[in-house]
Each structure stands twice: as C-alpha cells, then as structure tokens.
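So that you can map any letter, position 99 of the sequence shown is 98 in numbering that gives the first Met the number 0, and since no number is skipped, the others follow by simple counting.
Even for Gly, the Cβ is constructed at its ideal location relative to N, Cα and C.
Here the structure is a predicted model, which means the values were calculated and not measured.
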Amino acid sequence: MFETEIKKIRRYSQMGLWGAVTVVILASFFVFVSPVHFTQTTQMSRWMLIAGSVLAVLAVSMSLLTIRKQIPRLRQTEDLGQKLSGYASHIRSLYLTMFAVVFIICLFMVLSNQKVLLMLAMVSVLTLFLAYPNIYRIKVELGLTDEEMKTLFGDRYICENNEKQVDVPADEGE
C-alpha cells in the first residue's frame with residue numbers, strides 16, 4: 000500500500016534531479032566544446048539572459064517557499080497514507096517543475112551563448128540536491144515515529160534508540 004507512494008517519491012526525485020544534471024552537462028558541453036554556436040542579435044541575447052536570470056531566481060524562491068509552507072502542513076496530517084501521498088505529490092511538483100526550469104535556462108544558454116546562465120542552472124540544480132528526499136529526511140519532514148518508519152522501510156531504516164541507560168555512580172557524600 001505504502002510501497003507505491005515510496006516508489007513515486009523515489010522515481011520523481013531521481014527523474015528531476017538526474018534529468019536536470021544531464022541537461023546541464025549536455026548544454027555546457029555544447030556551449031564550451033561544440034564548434035557550432037547559435038548567434039542572436041545582441042538585444043535578443045540580453046533578453047534571454049534577463050529572462051533566464053529572472054526565471055532562475057523565481058524558481059529557486061518558489062521551491063524554497065513551497066518547501067517551507069508545504070512540509071509543516073503535511074506534518075500535521077494524521078493519516079500516514081495521506082502524509083505519504085501528499086509528500087509524493089509535493090516531490091513530484093517540485094522536482095518536475097525545477098527540471099523544466101533548468102531545461103529552459105539551458106535552452107536559453109545554448110541559444111544565446113550566454114555562459115552566465117550556466118551558473119544559474121547549476122544553482123537551480125543545487126536546490127534539488129539540497130531537497131533530495133532520503134529515508135531520514137522523510138522521517139523528519141513528515142514527523143514519523145520509529146514504528147511508522149519500520150512499516151515503511153523495514154530493515155533499511157536503522158532505529159535510533161534514545162533509551163540508552165547510563166549508569167551514573169551515586170555520590171558517596173549524600
């Protein structure tokens with residue numbers, strides 16, 4: 000039941016992250032290595048630079064704001080199934096949107112031959128790396144208990160025991 004949601008989270012995050020990394024690498028090779036370069040008018044090249052810069056700033060801001068607003072809302076949900084489906088939907092929209100943004104920025108970089116846009120594409124990809132959902136990040140963001148994590152991930156989840164007893168010797172003077 001929960002396995003499909005976990006697979007969706009993993010699939011969408013990997014598609015978005017590694018797709019964006021691949022697009023950035025291919026676009027940078029095309030701009031730096033390829034003998035073929037597209038030439039635009041100076042004015043068109045500047046507008047592509049401005050549009051790519053604004054798009055990158057807005058996309059990174061949107062992703063950070065979405066994470067900040069959506070995660071506490073998901074944490075307050077009572078049902079585990081609703082938490083996971085909401086989180087899968089959140090990851091899907093975040094990663095596929097950022098993949099599309101990185102693709103557009105790289106397209107502007109290739110068409111306008113503006114190497115500055117490579118930096119903005121890399122910052123956009125960096126936000127995907129920072130928000131990548133691993134097992135323990137899912138636990139913290141959704142506020143899951145150890146029992147819920149064991150049911151979701153089984154043996155892959157290593158439980159942290161906070162119930163360690165420490166023997167403290169009693170003071171002899173008391």
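Assigned with DSSP and collapsed to three states, residue 135 falls in helix.
In the three-state reduction of the DSSP assignment, residue 156 falls in the coil class, being assigned neither a helical nor a strand state. Short of 7 Å from the beta carbon of residue 65, and not among the five residues preceding or following it, lie these beta carbons of its own chain, in chain order: 93.
Exclusion of the five residues before and after residue 95 leaves 11, 14 and 15 as the residues of its chain whose Cβ lies within less than 8 Å of its Cβ. The Cβ atoms of residue 130 and residue 62 sit closer than 9 Å to each other. For the pair residue 144 and residue 138, the Cα-to-Cα distance works out to about 7 Å.
Taking the Cα positions, residue 154 is about 13 Å away from residue 135. The Cβ atoms of residue 97 and residue 126 lie closer than 9 Å to each other. Inter-residue distance for residue 22 and residue 55 is about 15 Å (C-alpha atoms, whole angstroms). Taken through DSSP and simplified to helix, strand or coil, residue 82 comes out as helix.
In the same chain as residue 91, and ignoring 5 residues on each side of it, the C-beta atoms closer than 6 Å to its own belong to 11, in chain order. The C-alpha of residue 79 lies about 28 Å from the C-alpha of residue 17.
Using a C-beta cut-off of 8 Å, the region 34-46 makes contact with the region 101-118, since at least three inter-stretch Cβ pairs fall below that distance. Between residue 82 and residue 74, the gap from beta carbon to beta carbon is short of 9 Å.
Taking 9 Å as the cut-off, the beta carbon of residue 8 is found closer than this to the beta carbon of residue 132.
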